[in-house]
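Colleague:
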Amino acid sequence: MATHSLPLNNKTWRARFSTTHRVFILLSGLLVFSFVLGLTIGGYDLSFLKILSVLLLSIGLPGFVEVAPHEQAILLSIRIPRLLLAIAVGGALGIAGAVMQSLFRNPLAEPGLVGVSSGAALAAVIVIVGIGSELILFGLNMTPYALPVAAFIGGLGATTLLYVLAQRVPGDPLPSMLLIGIAINAIAVAGIGLAQFVSTDTQLRLVTFWMLGGLGAARWETIALPLLLIVGSCFYLVRLAQPLNAYLLGTDEARHLGVDPKALTRRAVFFVALAVGAAVAVSGIISFVGLIVPHLVRLVTGPDNRTVLAASALFGASFLIFMDLIARTIVIPAEMPIGLVCSAFGGPFFLWLLLYKIRGQRA
C-alpha cells in the first residue's frame with residue numbers, strides 16, 4: 044500500500060509552503076553567514092578581500108589584494124577543512140537527533156541512545172592507551188588514521204550489538220533498544236574508566252581531550268571519507284521523513300499506510316549509526332547538538348519530518364560552526380574543547396526548555 048498524507052486545501056497548502064520556504068531560506072542564509080564568519084575570525088583574522096583573493100589565486104586567477112603564503116595556508120589547509128567538518132558533524136548530529144526522537148517518540152532521545160558514541164569512545168580510548176605513539180602496518184605509518192578508524196568501527200560495532208540483541212526480544216524492538224542501549228553505554232563507560240586507570244599521564248590527557256570533542260584535527264586527508272559517509276547517510280535519512288511521519292501515528296496506523304515498522308527501525312538505526320559514527324570518529328564526543336537542534340526546529344516548523352529533518356541538518360551545521368568559533372577564540376591562543384562549549388550552552392537551554400514546557404502544560 045502506498046504511503047500518503049492527508050489532503051490539504053489550497054489556503055493551508057500555501058501557508059505551509061510559504062512557512063517551509065521561509066524557514067529553509069533563513070537557515071541557508073544563517074549557514075552561509077556562519078561559514079563566512081568562521082573563515083574571517085580566528086587566532087589570525089583574515090579580511091573578506093583576502094579570503095576572496097586566496098580563493099581566486101587557488102584557481103589561477105589574480106587576487107584583489109596581496110596575500111602572504113601563511114595566510115593561504117591558514118585558509119586552505121586549516122579553516123576550510125575545519126568548517127566543512129563542522130558543517131558535516133553538526134548536520135549529522137542534528138538530523139540524527141531528529142530521527143531518533145521521531146523513532147522513539149521521545150523528545151529526550153538523542154544519537155547516543157543507540158550506543159554509537161560510547162562504542163566509538165571506548166575503541167578510541169583503547170587505541171590511545173594500547174597502541175602508544177606510533178602504529179606501523181606493512182611498513183606504512185598508520186598513526187594519523189588509527190584513532191578515527193577505530194572510533195568508527197567501535198561505534199558501528201556497538202550499534203550492531205544493540206540491534207542483534209534487540210531482535211531476540213519478541214514484539215516491538217524499540218523499548219528493548221532503549222534498555223539495551225543504556226546497558227551498552229554503561230559497559231562502555233566502565234571500559235573507558237578502566238583504560239584511563241591504567242593509562243599514563245600523557246595518555247590520560249589525550250583521552251580527556253578526545254572525550255571533550257574538537258575539530259582541530261581537521262585536515263583534507265583525514266576528513267574526506269567521513270564527509271562522504273556523513274553526506275550519504277544524511278541524504279538517506281531525509282528520505283525517511285514520510286515513513287517517520289506515518290510511524291508517529293502508531294505501529295498499526297503505519298502498517299495501514301504501507302510502512303513496515305521493523306524495516307524502518309532497522310534502516311533508521313543503521314544510517315544514524317553510520318552518520319554519527321563517522322562524525323564521532325573525527326570530532327570526538329560532542330554533546331547536546333542532537334538534543335537541542337531538533338527541539339528548536341520543531342518550535343518553529345511543527346512536527347512534520349519532511350521539514351524537520353532537513354532543517355535540523357541545516358541548523359545543526361550552523362550551530363556547530365558558531366560553537367566552534369567560540370571554542371577557538373574565547374581563550375586565544377589556546378583552544379577550548381567544543382564539547383565543553385556545547386554543554387555550557389546546551390545545559391541551560393535544556394533546563395529552560397523543560398521549565399517552559401511545564402509552564403505551558405499548567406496554563
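Mind the numbering: the sequence shown is residues 44 to 406 in our numbering, read in order.
Cβ atoms here follow ideal geometry from the backbone N, Cα and C, with glycine treated the same way.
A quick note: this is a predicted structure, and the numbers were derived from the prediction, not measured.
1. Cβ of T308 within 7 Å of any heavy atom in the ligand ADP?
2. Sorted by chain position, which residues of the same chain lie with C-beta nearer than 7 Å to F314's C-beta, five sequence neighbours on each side aside?
3. Check this for me: beta carbons of A321 and I381, under 8 Å apart or not?
4. Within the chosen definition, does the region 341 to 361 reach the region 59 to 70 through at least 3 CB pairs nearer than 8 Å?
5. Which residue wins for smallest C-alpha separation from F362, given the options A135, P124, F240?
6. Measuring straight from C-alpha to C-alpha, what distance separates L73 and L80?
7. According to the Cβ coordinates, are P191 and P269 closer than 8 Å?
8. Considering Cα atoms alone, identify which of R310, S90, L317 is closest to G106.
9. Let me know the secondary structure DSSP gives R446 once reduced to three states.
10. Assuming A163 contacts A324 (C-beta within less than 8 Å), just tell me the rounded distance between them.
11. Check Y87 in the structure and name its three-state DSSP category.
12. Can you tell me whether Q246 is buried or exposed, with buried defined as 16 or more other CB within 10 angstroms of its CB?
13. Whole angstroms are fine: how far does the CA of V170 sit from the CA of A193?
14. How would you call P391, buried or exposed, if buried means at least 16 neighbouring beta carbons within 10 angstroms?
Modeller: Well, looking at it:
1. Among the components of this structure there are no ligands whatsoever, and the ligand ADP is therefore not found.
2. As a first step, residue 314 must be located in the sequence shown, where it is residue number 271. These residues qualify, in order along the chain: S276, Y279, L280.
3. Residue numbering aside, residue 321 sits at position 278 when the sequence shown is read from its first letter. Residue numbering aside, residue 381 sits at position 338 when the sequence shown is read from its first letter. Cβ distance not < 8 Å, so A321 and I381 don't count as in contact.
4. yes
5. On the sequence shown, residue 362 is found 319 positions in, with the first residue counted as 1. Considering only alpha carbons, the answer is A135.
6. Numbered from its first residue, the sequence shown carries residue 73 at position 30. Numbered from its first residue, the sequence shown carries residue 80 at position 37. Taking C-alpha positions only, L73 is separated from L80 by approximately 10 Å.
7. Sequence index remark: in the sequence shown, residue 191 carries index 148 (1-based). Sequence index remark: in the sequence shown, residue 269 carries index 226 (1-based). Their beta carbons are under 8 Å apart, which means P191 touches P269 by this criterion.
8. Translated into the one-based positions of the sequence shown, residue 106 becomes position 63. Comparing Cα-Cα distances from G106 to each of R310, S90, L317, the minimum goes to S90.
9. The question about residue 446 has no answer here: the residues shown for the chain are numbered 44 through 406.
10. Translated into positions along the sequence shown, residue 163 becomes position 120. Translated into positions along the sequence shown, residue 324 becomes position 281. Contact flag correct, Cβ pair sits at about 6 Å.
11. Residue numbering aside, residue 87 sits at position 44 when the sequence shown is read from its first letter. Note: Y87 maps to coil in three-state DSSP.
12. Position 203 of the sequence shown, counted from the first residue, corresponds to residue 246. With 16 or more other Cβ atoms within 10 Å, it is buried.
13. On the sequence shown, residue 193 is found 150 positions in, with the first residue counted as 1. On the sequence shown, residue 170 is found 127 positions in, with the first residue counted as 1. Using only the alpha carbons, I get a separation of about 7 Å.
14. Locating residue 391 in the sequence shown gives position 348, where the first residue counts as 1. It is exposed - the Cβ of P391 has fewer than 16 other Cβ atoms within 10 Å.
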